[in-house]
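Working notes for the structure below.
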Amino acid sequence: MLDDFIHWLGATPVSQLIQKVFWIIPTVQAVHILAISVVLASMAMFDLRLLGLAGKRSSIASLSRRFMPWLWGALIVLAASGSILIVGEPKRSLGNLSFLLKMCMLATVIIVTLGFQAVLKRDLKGGSADLAPAHGSLAKITGLLSLSLWVGIAVAGRLIAYTG
Amino acid sequence: MFDRFLQWLESTPPAIAISESSWLFPGIESVHVLAIAMVVGSITMVDLRLLDINLRERPVGELIAEVLPWTWTSFAVAVCSGALLFSSNATKYWGTVPFRAKMVLLALAGINMLAYHATIHRSVDLWGRRPPTPRAAKISGGLSLGLWIGVVTLGRWIGFV
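These protein sequence lines are chains R and W, in that order. Letter by letter, the first sequence follows residues 1 to 164 in my numbering. Letter by letter, the second sequence follows residues 1001 to 1161 in my numbering.
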């Protein structure tokens, strides 16, 4: 099933074009890495604040307003550039264990982030100036999970080149 | 002379270990990518502030003081991991165009940063509290952004030649 799809995708004109023009894949990979650097740096700052390790002068709410738009913006760039890479080299990614692991971690980190943002939003709506103090340990767990998952996603992404 | 240095580098124990192991190169490369992501991501925050695009409410001096330790720490990790990757196949890497071009852009980015700190940054307390930033700061930020994008692009390109 998956093999058939990989075979079909690899035979489409778009895929053929990406394979034939030598500079498309390296260029798109470079864009992909640049977007990852935006995500990693923004999320490192935000997650370290959640863990209470950095940036304590700013509130969680203000850092969230500052960094979340960059996360979602960069994720759109990542999805677009990543899709081009998959179409160009379907065999390299779709059946690859590192790729599957990366996608699972990505789905998890998106759910964790959305969940935390929902809690933060509810606290602010409830009249709290920042994340409610009662949710302190939730912030720490979110920060730790998010940071580890993003590092894991970047590592798994690089390892796609080495695993099958 | 330099060729002999590269050959010696390739014959050092860490270089041999990396080129003979199946997992050391990918492992160190992952660390390298993570470190570069932190370097470029943190520098981009400063560059976008210098360009008046982002973080406009933050004083420039304060932002730089806060971000720079992260940049330097990550840069040290990137240099060390990069040197290890380089040593595993030094002669080959040295002979490629993207590698040399990357080193040139890296040097230019360093010079741009030094020039900024030696000149415009000295008066950051006067202009950095609120936008707009002076033209010289915008040029410096724009140059930095462009150079680092070039460094990442060329770095990825090394793997294709």
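Beta carbons: idealized from backbone N, C-alpha and C, even for Gly.
The beta carbon of F1160 (chain W) sits closer than 8 Å to some beta carbon of chain R. For E1029 (chain W), same chain residues with a beta-carbon under 8 Å away, outside a window of 5 residues either side, are S1081 and L1085 in chain order. A Cβ-Cβ distance of about 35 Å is found for the pair S58 (chain R) and I160 (chain R), leaving them out of contact under the 8 Å criterion.
Counting only the Cα atoms, R158 (chain R) lies some 11 Å from Q29 (chain R).
Going by C-alpha positions, V155 (chain R) is about 11 Å away from Y162 (chain R). Scanning its chain for C-beta atoms nearer than 6 Å, with the 5 sequence neighbours on each side dropped, one finds around G143 (chain R) the residues D47, L50 and L51, in chain order. Residues of the region 66-97 of chain R whose Cβ lies closer than 8 Å to any Cβ of chain W, in chain order: R66.
The straight-line gap separating the alpha-carbon atoms of S1088 (chain W) and S1140 (chain W) is approximately 35 Å. Against chain R, the beta carbon of W1127 (chain W) has no neighbour under 8 Å; the closest one sits roughly 22 Å away.
The C-alpha of V1079 (chain W) is placed about 15 Å away from the C-alpha of A1090 (chain W). Secondary structure at S1022 (chain W): coil, using DSSP grouped into helix, strand and coil.
Taking CB atoms only, I36 (chain R) has a neighbour in chain W less than 8 Å away. For A1107 (chain W), the closest C-alpha among the options W:R1058, W:V1151 and W:R1135 is that of W:V1151.
With at least 16 other beta carbons inside 10 angstroms of its own, V1039 (chain W) counts as buried.
Across the structure, A134 (chain R) and R66 (chain R) are spaced so that their CA atoms are roughly 23 Å apart. About 17 Å separates the beta carbons of A1083 (chain W) and L1154 (chain W), which is beyond the 8 Å limit, so they are not a contact pair. Residues of chain R whose Cβ lies closer than 9 Å to the Cβ of T1044 (chain W) are, in chain order, L34, S37, V38 and A41. The Cβ atoms of L9 (chain R) and P90 (chain R) sit closer than 8 Å to each other. Under the Cβ distance rule, P133 (chain R) does not count among the residues neighbouring chain W, no pair being separated by less than 8 Å. Per DSSP, T27 (chain R) is one residue of the alpha helix (DSSP H) stretching across I24 to L50. The beta carbon of G1061 (chain W) does not come within 8 Å of any beta carbon belonging to chain R, so the residue lies off that interface.
Using a CB distance cut-off of 8 Å, S1030 (chain W) counts as an interface residue toward chain R.
Taking a beta-carbon distance threshold of 8 Å, R49 (chain R) does not count as an interface residue toward chain W. Within chain R, the C-beta atoms nearer than 8 Å to that of L1034 (chain W) come from L40, V151, A154 and V155, in chain order. Within the region 1052-1096 of chain W, complete alpha helix (DSSP H) segments of at least 4 residues are found at 1060-1087 and 1090-1094, given in chain order. Put simply, the region 1013-1021 of chain W does not touch the region 1116-1136 of chain W. Fewer than three CB pairs are less than 8 Å apart. For F1025 (chain W) and G1159 (chain W), the gap between their C-alpha atoms comes out near 12 Å. For T1096 (chain W), no CB of chain R lies under 8 Å from its own CB, so it is not counted at the interface with that chain.
Within the same chain, and ignoring the five residues on either side of V1077 (chain W) in sequence, the residues whose Cβ sits closer than 6 Å to its Cβ are A1035. Taking the beta carbon of Q29 (chain R) as reference, the chain W residues within 8 Å of it are R1156, listed in sequence order.
The beta-carbon of P13 (chain R) is placed no less than 8 Å from the nearest beta-carbon of chain W.
With a 10 Å radius around the Cβ and a threshold of 16 neighbouring Cβ atoms, K102 (chain R) comes out buried. Along the region 1142-1155 of chain W, the positions whose C-beta sits under 9 Å from a C-beta of chain R are W1148, I1149, V1152, T1153, L1154 and G1155, read in chain order.
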